[in-house]
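Residue numbers (the working numbering): 888 to 1205.
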């Protein structure tokens, strides 16, 4: 077997075992914290690749269909609940509980989480769980378009000057990632063709796993080092991040359950996995506690496909 065939088979194997592979990548990132410095320059490219793969995974006609008729109503309701109702409710909750400098810093991280759009890999995770990938991509794109409006508003409302977010910088960054990845995906689709892309679905999922590993490895070093010096803090933040991620996903899925199980679970997965790294890039400087929480909160995100796979399959079973 030649090197090209071996690489193709490896990618297909990763795609077929995506939920377990993604879970393993997060533990590898924790076990080798030295990778953090090495991979950090690749954070932006890895996010860009994830979006390209998401656009490739969904045929253009199917994606456009999400913005018509009943699908458009579902999309608007999902984005409104996720990007307006959720940060408003959680912001009011966070503002009225806790005290002290640790909670103040932590509440800033939680507000960033509540106002953030879904992670760029939400369509990839939907694919790994055999959910509605076009809907996941449409929710991601729509939420990203709303983020430059909603994120600075909620940050100013609940954090004031302590958590400044540059709306212009955020909008430009999002426009680059979204527009650039869309253009690249269309060019690739033109040259590769729809038939080959459909045949390479497992290989695309395998590339998703590799891109997710690069992102995880770039930010998890701080978790390993803090775990050695202050394990109780890391464990407390880990428990909190799991609680919030799965509560957000579960409540959102319950709200949209009447739209169909697959749609509800897809929206729930997107709602529970928020792109705090993108918000961090737009914020004007944050404390080590905020950095640590955002890194720790990647654990429930990366473990979710593996933890949810059996539940999703049982729920969707006829």
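In this text, a Cβ means the ideal position worked out from N, Cα and C, and glycines have one as well.
(request) Take the Cβ of residue 944 as the centre, count every other Cβ of all protein chains shown within 10 Å, and call the residue buried at 16 or more, exposed below. (result) The sequence position of residue 944 within the chain shown is 57, counting from 1. Buried.
(message) Restricting to Cα atoms, I'd like to know which of 1111, 1161 and 1127 is closest to residue 915.
(response) Residue mapping note: residue 915 aligns to position 28 of the chain shown, counting from 1. Out of 1111, 1161 and 1127, 1111 has the C-alpha closest to the C-alpha of residue 915.
(request) Please state if the CB of residue 1007 and the CB of residue 938 are separated by a distance shorter than 7 Å. (result) On the chain shown, position 51 is the one that residue 938 refers to. On the chain shown, position 120 is the one that residue 1007 refers to. The criterion of a C-beta distance shorter than 7 Å is satisfied by residue 938 and residue 1007.
(request) Alpha carbon to alpha carbon, how far is residue 1204 from residue 907? Give it in angstroms, no decimals. (result) To locate residue 907, count along the chain shown from 1; it is residue 20. To locate residue 1204, count along the chain shown from 1; it is residue 317. So the two alpha carbons sit approximately 21 Å from each other.
(request) Give the DSSP bridge partners of residue 1118, in chain order. (result) Position 231 of the chain shown, counting from 1, holds the residue named residue 1118. Partner(s): none; residue 1118 has no beta bridge.
(request) Enumerate in chain order the residues of its own chain whose CB-to-CB distance from residue 1000 is below 6 Å, with the five nearest sequence positions on each side excluded. (result) Numbered from 1 along the chain shown, position 113 holds the residue referred to as residue 1000. Same-chain partners within the cutoff: 1161 and 1163.
(request) With a 10 Å radius around its C-beta and 16 neighbouring C-beta atoms as the bar for buried, classify residue 988 as buried or exposed. (result) Sequence index remark: in the chain shown, residue 988 carries index 101 (1-based). Classification of residue 988: exposed, given that the 10 Å Cβ count is below 16.
(message) Using DSSP's beta-bridge definition, name the partner residues of residue 1005.
(response) Residue 1005 sits at position 118 when you count from the first residue of the chain shown. 1161, per the DSSP bridge assignment.
(message) Whole angstroms are fine: how far does the CA of residue 889 sit from the CA of residue 970?
(response) One-based indexing of the chain shown puts residue 970 at position 83. One-based indexing of the chain shown puts residue 889 at position 2. Near 48 Å, if we compare the C-alpha coordinates of residue 889 and residue 970.
(message) Tell me the residue span of the alpha helix (DSSP H) that contains residue 1195.
(response) For this step, residue 1195 is matched to residue 308 along the chain shown. Residue 1195: member of the alpha helix (DSSP H) spanning 1185 to 1203, first to last residue.
(request) Helix, strand or coil for residue 1017, going by three-state DSSP, please let me know. (result) Reading the chain shown from its first residue, position 130 is the one you call residue 1017. Coil.
(message) So, for residue 1033: in the same chain, excluding its five sequence neighbours on each side, which residues have a beta-carbon less than 7 Å away from its beta-carbon?
(response) As a first step, residue 1033 is located in the chain shown; it is residue number 146 there, counting from the start. Taken in chain order, the residues that qualify are 966 and 970.
(message) Starting from residue 1103, trace the alpha helix (DSSP H) in both directions and tell me its first and last residue.
(response) The residue labelled residue 1103 in the question sits at position 216 within the chain shown. Membership of residue 1103 in the alpha helix (DSSP H) is indicated by the continuous run 1088 to 1106.
(request) Output the boundary residues of the alpha helix (DSSP H) element that contains residue 955. (result) On the chain shown, residue 955 is found 68 positions in, with the first residue counted as 1. Run containing residue 955: none; DSSP gives neither H nor E here.
(request) Report the option in 923, 1190 and 919 whose CA atom is closest to the CA atom of residue 1096. (result) Residue mapping note: residue 1096 aligns to position 209 of the chain shown, counting from 1. For the options 923, 1190 and 919, the alpha carbon positioned closest to that of residue 1096 is the one of 1190.
(message) Quick check on residue 1037: buried or exposed, where buried means 16 or more other Cβ atoms within 10 Å of its Cβ?
(response) Taking the chain shown and counting its residues from 1, one reaches residue 1037 at position 150. Burial call: buried.
(message) Does the segment 1196 to 1203 come into contact with the segment 1003 to 1021, if we say contact requires no fewer than three beta-carbon pairs (one atom in each stretch) closer than 8 Å?
(response) These segments touch.
(request) Give me the Cα-Cα distance between residue 955 and residue 912, rounded to the nearest whole angstrom. (result) Numbered from its first residue, the chain shown carries residue 955 at position 68. Numbered from its first residue, the chain shown carries residue 912 at position 25. Going from the Cα of residue 955 to the Cα of residue 912 covers about 38 Å.
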